[in-house]
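K.L.:
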């Protein structure tokens, strides 16, 4: 309770003190006496929208913060979000200072205490790192509040060094706030939504959404529990969930009509005749943006073809009502907060453990005649297929140009969490993902999506935290890659993989920057890359740096081409592969049982690479990996198969279980170099 009071006080003060600190009635607008930013670069940028340039994979130059920008759809009438890349040289940078119209506004680390749900956990992690073992993470984003509508401001940022001096400035950008927008409250008598947790409000809420057509219109969900089936959003709108608001998913399958659902991947035209090819129309999610043809055609789901400028914001909860809770119901976590705990289940147990998940599985099993829209439908659908295709995810956004999600909690999906398919310019900022231990309960899934940003999130998930997919096999290779995504300043706990790729990789997952994240008790890899020898494509051009991991459930790094793929209905292609992956300045403290409170496993290698001919004829090797300045302790030895032409530089194993030699390579791992590694490779 003390923590809540402190954070609420900070939140209130955060808005008011921006003006007070500058001695102004309101934050100074551009054109007032205080105009000049403390910049060493002349001029300012009038178009500060972030782009793929933010995914900075090659070594930057200079000592000033770079690429200061504003994510798409992040600016409102009274606030905006600033993000920037770190300088080329940043070893002694411990914080950043933001300036508004030439006046200091605040530091990124202090701002995160107010605006990032990850920060309490990051601070607790740092406090527990008493011997300074872990890689240091630094916030490099800033939420500006207390702005005036229709007003232009100038911003710049400097780095703060350990000695208190500041780096040169990023150079200024200008940001103009929006006008105040029309607001529609779903509980208004015109719509009559009732927040009693019992009344089904699908029609009332959808009516409010459909009538909210003024560009930028906001649909407000007030405090209360509003039960609803599938809802469908449109262009140029915001769905705002007030603090205390909960959208509770109905547990009836009929409230997620299959005819309004979607295909995970487009269906080629003409449809493939190979008997192994399948494509299923899934039921819609609780919140949706979907094409009229259910995503069957590739053209109909291109970014912007379905919707543009869609926002979901607020402090409320989107609850999928997917699964029952465990007997305990919740835990108190490492930051002193209460987290829900859901039953770990499967296809064989769903009828006992599920709510909506059980109802949808039962309906699909008992009424196969209603399962329309299956391409190359077999005579019999196995339970594993019904379970894997006919549960609703929490949110699915397809073909959206400009998607912004901020502040909300994603809770208890029947299937996946937030699905972002064939999108462009997507930002997920400051969400809480509480899906542990729901089966298949990924936090975020990017499929065929470009220019994404994931920051300030708290993840406690039942599957991968941030996952990337890009189609399956022969026909999936014709689709869109997932590319140019920046993941930073997040806290990732539990779940399967922190940053995960695959297993669907046919059209490639590429150009991903993950940095300044903290991972705790992640179960199957902080960086998890998984595919198969017949999936095609793979993952390439990754930079995973400045990340701290502790109490890892098994491996810290997994790269495998022997992933056990459940039946998916794809046509086999060539082997997938992973290449050009750099891991830099990462600390891994494995499972120290007294500290972590988990049973120790002696069988999970800290670096687990499974590729090459040892896995079978036609399986590709992996190449171009770099592990630089990576430290390990309390870990098992590596198990590396099929890794070629890669470098290990400054890799140190401080302690290995049973005092074992940490280096284990198979005979197909050739051309690798080792510089300043400890212990040495024999």
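Residue numbers (mature numbering (1 follows the signal peptide of the UniProt record, and there is no 0)): -36 to -1, 1 to 646.
Ideal placement from N, C-alpha and C gives every residue a C-beta, glycine not left out.
Note that the coordinates shown come from a computational prediction; the quantities given were computed from them, not determined experimentally.
1) To which residues of the same chain is residue 181 closer than 8 Å at the C-beta, ignoring the five residues directly before and after it?
2) Between the Cα of residue 666 and those of 303, 280 and 298, spot the shortest distance and give me the residue it belongs to.
3) Check whether the stretch 181 to 191 touches the stretch 242 to 259, taking contact to mean three or more Cβ pairs, one atom from each stretch, closer than 8 Å.
4) Quick one: complete beta strand (DSSP E) runs, 3+ long, within the stretch 418 to 464?
5) Give the straight-line distance between the Cα atoms of residue 644 and residue 570, rounded to the nearest whole angstrom.
6) What would DSSP say about residue 605, mapped onto helix, strand or coil?
7) DSSP three-state call for residue 405: helix, strand or coil?
8) DSSP three-state label for residue -4, please.
9) Measuring only the C-alpha atoms, how far is residue 463 from residue 37?
10) On the DSSP bridge list, what partners appear for residue 289?
11) Should residue 526 and residue 499 be called a contact, given that it needs their Cβ atoms to be closer than 8 Å?
12) Looking at residue 373 and residue 281, is the spacing between their C-beta atoms short of 8 Å?
13) Please identify the residue among 357, 331, 380 and 76 whose C-alpha is closest to the C-alpha of residue 345.
14) Could you tell me which residues DSSP puts in a beta bridge with residue 124?
15) To test your reading of the DSSP string, which unbroken beta strand (DSSP E) runs of 3 or more residues are found completely within the stretch 161 to 187?
16) If you drop the 5 nearest sequence neighbours on each side, which residues of the same chain put their C-beta closer than 6 Å to that of residue 172?
17) Can you check DSSP and say which residues form a bridge with residue 526?
18) I'd like the list of long-range same chain contacts for residue 157, defined as Cβ closer than 6 Å, with 5 residues on each side in sequence excluded.
19) Leaving out the 5 sequence neighbours to the left and right, which residues in its chain are closer than 8 Å to residue 285 when beta-carbon positions are compared?
20) How big is the Cα-Cα spacing for residue 74 and residue 608?
21) Measure from the alpha carbon of residue 84 to the alpha carbon of each residue in 116, 501 and 396, then state which is nearest.
22) Please say whether residue 461 and residue 482 have beta carbons closer to each other than 8 Å?
23) For residue 559, does the count of other Cβ atoms within 10 angstroms reach 16, so buried, or fall short, so exposed?
24) Mind checking which residues open and close the alpha helix (DSSP H) that includes residue 72?
25) Are there three or more Cβ pairs, one per stretch, closer than 8 Å when the stretch 89 to 96 is compared with the stretch 59 to 69?
26) Would you give the residue range spanned by the alpha helix (DSSP H) that residue 347 belongs to?
27) Which of the three DSSP states, helix, strand or coil, is assigned to residue 484?
28) Under the rule that 16 or more other beta-carbon atoms within 10 Å means buried, what is residue 30, buried or exposed?
29) Relative to the alpha-carbon of residue 194, which residue among 249, 228 and 334 has its alpha-carbon at the smallest distance?
30) Do the CB positions of residue 584 and residue 539 come within less than 8 Å of each other?
31) Is the beta carbon of residue 496 less than 8 Å from the beta carbon of residue 370?
32) Can you name, in chain order, every residue of its own chain whose Cβ lies under 7 Å from the Cβ of residue 45, other than the five neighbours on each side?
33) Provide the residue span of the beta strand (DSSP E) that contains residue 474, from first to last.
34) Residues in the same chain with beta-carbon distance under 7 Å from residue 647, minus the five sequence neighbours each way, listed in chain order, please.
35) Quick one: using the 10 Å Cβ neighbour count with 16 as the cut-off for buried, is residue 263 buried or exposed?
36) Where residue 22 and residue 552 are concerned, what is the direct C-alpha to C-alpha distance, given to the nearest angstrom?
P.N.:
Looking at the coordinates:
1) Taking the first residue of the chain shown as position 1, residue 181 is located at position 217. The answer, listed in chain order, is 145, 146, 147, 148, 200, 201 and 202.
2) Summary: the structure shown does not reach residue 666, with the chain confined to residues -36 through 646, and so no result is reported for it.
3) no
4) Whole beta strand (DSSP E) segments, 3+ residues: 422 to 425, 430 to 433, 446 to 452 and 455 to 458.
5) The count along the chain shown starts at 1 and reaches residue 644 at position 680. The count along the chain shown starts at 1 and reaches residue 570 at position 606. Distance between the alpha carbons of residue 644 and residue 570 is about 17 Å.
6) Residue 605 sits at position 641 when you count from the first residue of the chain shown. If DSSP states are grouped into helix, strand and coil, residue 605 belongs with the strands.
7) As a first step, residue 405 is located in the chain shown; it is residue number 441 there, counting from the start. Coil.
8) Start at 1 with the first residue of the chain shown, and residue -4 comes out as number 33. No answer about residue -4 holds up, because its pLDDT of 33 lies below 50 and its placement is not dependable.
9) By 1-based counting over the chain shown, the position of residue 463 is 499. By 1-based counting over the chain shown, the position of residue 37 is 73. Rounded to the nearest angstrom, the two C-alpha atoms are 24 Å apart.
10) What you label residue 289 is simply residue 325 of the chain shown in a count that begins at 1. The partner list for residue 289 (beta bridge, DSSP) reads 306.
11) Within the chain shown, residue 526 is the residue found at index 562, counting from 1. Within the chain shown, residue 499 is the residue found at index 535, counting from 1. No, the Cβ-Cβ distance between residue 526 and residue 499 is not below 8 Å.
12) Here residue 281 refers to the residue found at position 317 when the chain shown is read from its first residue. Here residue 373 refers to the residue found at position 409 when the chain shown is read from its first residue. Closer than 8 Å, so yes.
13) As a working mapping, residue 345 is identified with position 381 in the chain shown. Looking at the Cα atoms, 331 is the closest of the given residues.
14) The count along the chain shown starts at 1 and reaches residue 124 at position 160. DSSP lists 59 and 130 as the bridge partner or partners of residue 124.
15) Counting only runs of 3+ residues, the beta strand (DSSP E) found wholly inside the stretch 161 to 187 occupies 181 to 185, in chain order.
16) Stepping through the chain shown from its first residue, residue 172 is reached at position 208. If we look at residue 172 and ignore the five residues flanking it on each side, its Cβ neighbours are 148, 150, 155 and 183.
17) Counting from one through the chain shown, the residue named residue 526 turns up at place 562. In DSSP, residue 526 forms a bridge with 496.
18) Locating residue 157 in the chain shown gives position 193, where the first residue counts as 1. The answer, listed in chain order, is 150, 151, 165, 168, 169 and 190.
19) The sequence position of residue 285 within the chain shown is 321, counting from 1. So the qualifying residues of the chain are 212, 213, 214, 215, 319, 320, 376 and 378.
20) Your numbering for residue 74 matches position 110 in the chain shown. Your numbering for residue 608 matches position 644 in the chain shown. Approximately 44 Å between the Cα atoms of the pair.
21) Here residue 84 refers to the residue found at position 120 of the chain shown. It is 396.
22) Residue 482 sits at position 518 when you count from the first residue of the chain shown. Residue 461 sits at position 497 when you count from the first residue of the chain shown. Against a cut-off of 8 Å, the Cβ pair of residue 461 and residue 482 comes out as no contact.
23) Your numbering for residue 559 matches position 595 in the chain shown. Classification of residue 559: exposed, given that the 10 Å Cβ count is below 16.
24) The residue you call residue 72 lines up with position 108 of the chain shown. Segment 72 to 79, the alpha helix (DSSP H) holding residue 72.
25) no
26) Here residue 347 is taken as the residue at index 383 of the chain shown, counted from 1. It spans 347 to 353 - the alpha helix (DSSP H) in which residue 347 sits, taken as one unbroken run.
27) Position 520 of the chain shown, counted from the first residue, corresponds to residue 484. Residue state, collapsed to three classes: strand.
28) Locating residue 30 in the chain shown gives position 66, where the first residue counts as 1. Buried is the call here.
29) What you label residue 194 is simply residue 230 of the chain shown in a count that begins at 1. Checked all of 249, 228 and 334; the closest Cα to residue 194 is 249.
30) For the purposes of this step, residue 584 is identified with residue 620 of the chain shown, where counting begins at 1. For the purposes of this step, residue 539 is identified with residue 575 of the chain shown, where counting begins at 1. In contact: residue 584 and residue 539 (Cβ atoms closer than 8 Å).
31) Residue numbering aside, residue 496 sits at position 532 when the chain shown is read from its first letter. Residue numbering aside, residue 370 sits at position 406 when the chain shown is read from its first letter. Against a cut-off of 8 Å, the Cβ pair of residue 370 and residue 496 comes out as no contact.
32) Stepping through the chain shown from its first residue, residue 45 is reached at position 81. Around residue 45: 34, 35, 38, 105, 107 and 393.
33) Here residue 474 is taken as the residue at index 510 of the chain shown, counted from 1. Its beta strand (DSSP E) spans residues 473 to 479.
34) Lying before the first or after the last residue shown, residue 647 is absent from the chain, which here runs from -36 to 646.
35) One-based indexing of the chain shown puts residue 263 at position 299. Burial call: exposed.
36) Start at 1 with the first residue of the chain shown, and residue 22 comes out as number 58. Start at 1 with the first residue of the chain shown, and residue 552 comes out as number 588. Spanning the two alpha carbons is a distance of roughly 24 Å.
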